[in-house]
Amino acid sequence: MNALSRRAVLRMMGAAGAVAALGGMPNLTRRARAQSSMIGRIVQTLKGDVTVHTYIAPPTSFLVTSHIVETPNQLVIVDTQFLQTAARDVLAYAESLGKPIERVILSHQHPDHSSGGNIFAGIPFVTTPAIAEGVQADLDAGGVQQRAGLVGESEVPAEPRVPEASFEAGTFEVDGVTFDAQVYDNAEAPQQIVLRLPDHGIVVAQDLVYTNGHAFPGTDRQNWISILSELQSAGDFDTLLSGHGMPTSPGEITQMIQYLSLADELAANTTSADDVIAGLTAEYPGYEVEGILQFWGLFIQPS
Ligand SMILES: [Zn+2]
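In my numbering, the protein residues as written are 11 to 313.
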């Protein structure tokens, strides 16, 4: 984020794309009535005794998602948003459901998902040791100050919160609902938690999948593709919750693999980030959050 120019951020804010059409959503997903003061939107996915309320931030915040998994008596939240305003939206919406928040799980270290942790004061905020270390390293490197320069002091945490490093891969139960967590290294981020609700056909893939939108260049795209292929061949779900954009179906994985394959090919054949950006926007003209393409400038340096 540090190398992003103010102009780039303004351009990204101007790229406020059209909201995805409802027609492409899975059958069991519906738009909820969000509180009128919210800057984001809520989309609900209903699956038996579980409802997932997905908060989608505005395009200025890359449509980053938080998922509130509502079991009969409790809530589990995945990811805390980038902007403080958006994090407060998520908390206020969760509180409106009238059930205790059992825990907040951070899926990976990137600040668009981790920055809002401070808003969930008093609620367990957990992740893996490696992801917690990644959050700490970003704070140590002055990440908050850099982001304050881009989005303003009021939208970054005055007292950033590092998640507890107590979460590990495996199966756990909350309120009688089974969750299964898998941990993958070196894909979009250095480490990524993927959460499944195996009895409900739900996979919370977070930033392994961007719905109908451009993606962050990532740590290792070939490995990212391998992980996606593995998820796809498991085939034991019908609802895919992504880290950016609308809830979607497993078919989105095919799109994502094609997108990453093209990105990787473009990146391998140029020393200019602009070439990669031009190639991706030409192939995916309708994709949202074009602003995220600016990050290619951090990954491809002119020789
Ligand atoms: Zn993200």
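Note that CB positions come from ideal geometry on N, CA and C, so glycine has one too.
Residue i beta carbon near ligand 1 (any heavy atom closer than 8 Å)
i	result
Gly144	no
His77	no
Gln216	yes
Asp122	yes
Gly253	yes
Phe309	no
Val100	no
Phe130	no
Phe305	no
Val74	yes
Phe226	yes
Sequence-distant residues of its chain with Cβ nearer than 8 Å to residue i (five each side left out)
i	result
Thr90	Ser76, Ala97, Val100, Val114, Leu116, His123, Ser124, Ser125, Gly126, Gly127, Ile129, Phe130, Phe135
Pro312	Thr281, Ser282
Gln146	Val172
Thr264	Gln242
Glu174	Pro134, Phe135, Val136, Thr137, Ala142
Thr229	Asn196, Ala197, Glu198, Ala199, Pro200
Gly245	Pro260
Leu107	His63, Ile78, Glu80, Leu85
Val60	Val79, Glu80, Thr81, Val187, Leu207, His210, Ile212
Boundaries (first-last residue) of the alpha helix (DSSP H) holding residue i
i	result
Ile78	From DSSP, Ile78 is part of no alpha helix (DSSP H) but of the beta strand (DSSP E) over 75-80.
Arg51	Counting along the chain, Arg51 falls outside any alpha helix (DSSP H), though it belongs to the beta strand (DSSP E) covering 51-57.
Gln265	261-278
Leu290	283-293
Asp122	121-124
Tyr297	Looking at the DSSP string, Tyr297 is not in any alpha helix (DSSP H), and its letter there is neither H nor E.
Phe309	306-309
Ile87	Looking at the DSSP string, Ile87 is not in any alpha helix (DSSP H); the run it does join, the beta strand (DSSP E), is 85-88.
Val154	153-161
Pro69	Where Pro69 is concerned, there is no enclosing alpha helix (DSSP H), given that its DSSP letter is neither H nor E.
Ser106	94-106
Chain-order list of residues whose beta-carbon lies under 7 Å from that of residue i (same chain, five-residue window excluded)
i	result
Val286	Ala273, Leu276, Ala277, Thr280, Trp306, Ile310
Gly58	His210
Gln84	Lys109, Pro110, Glu112, Val184, Asp185
Ile235	Ile267, Leu270, Ser271
Ala158	Val166
Cβ-heavy atom distance, residue i to ligand 3, below 8 Å
i	result
Val161	Within the structure as shown, ligand 3 is missing, the only ligands being ligand 1.
Residue burial classification, residue i (beta-carbon count within 10 angstroms, cutoff 16)
i	result
Ser243	exposed
Gly223	buried
Glu80	buried
Ser271	exposed
Arg41	exposed
Thr55	buried
Glu240	exposed
Ser336	Past the edges of the chain, shown from 11 to 313, lies residue 336, and the structure says nothing about it.
Gly162	exposed
Ala151	exposed
Pro208	exposed
Ala221	Note that residue 221 corresponds to Thr in the displayed sequence, not to Ala. Thr221 comes out buried.
Pro82	exposed
Gly180	exposed
Gly253	buried
Cut-off 6 Å between Cβ atoms - residues of its own chain near residue i, not counting five sequence neighbours on either side
i	result
Phe177	Val136, Thr137, Thr138
Gly289	Leu276
Gly296	none
Thr64	Val53, Thr75, His77, Pro257
Leu251	His77, Val214, Pro257
Thr95	Ile49
Ile203	Ser117, Ala191, Val193
Gly261	none
Ala225	none
Asp248	Gly211
Val154	Val166, Pro170
Gln216	Ser117, Gly253
Ile237	Tyr194, Ala197
Terminal residues of the beta strand (DSSP E) in which residue i lies
i	result
Arg171	No beta strand (DSSP E) holds Arg171; DSSP gives it neither H nor E.
Ile115	111-115
Thr221	From DSSP, Thr221 is part of no beta strand (DSSP E); its letter is neither H nor E.
Thr183	The identity of residue 183 in the sequence shown is Glu, whereas the question assumes Thr. Residues 180-184.
Thr61	60-66
Gln192	187-195
Neighbour flag for residue i against chain C, beta carbons, 9 Å
i	result
Ala292	The chain labelled as chain C is not found in the depicted structure, where only one protein chain is given.
Task: 3-residue-minimum beta strand (DSSP E) runs that sit fully inside the region 204-260, ordered along the chain - done: 212-220, 249-254
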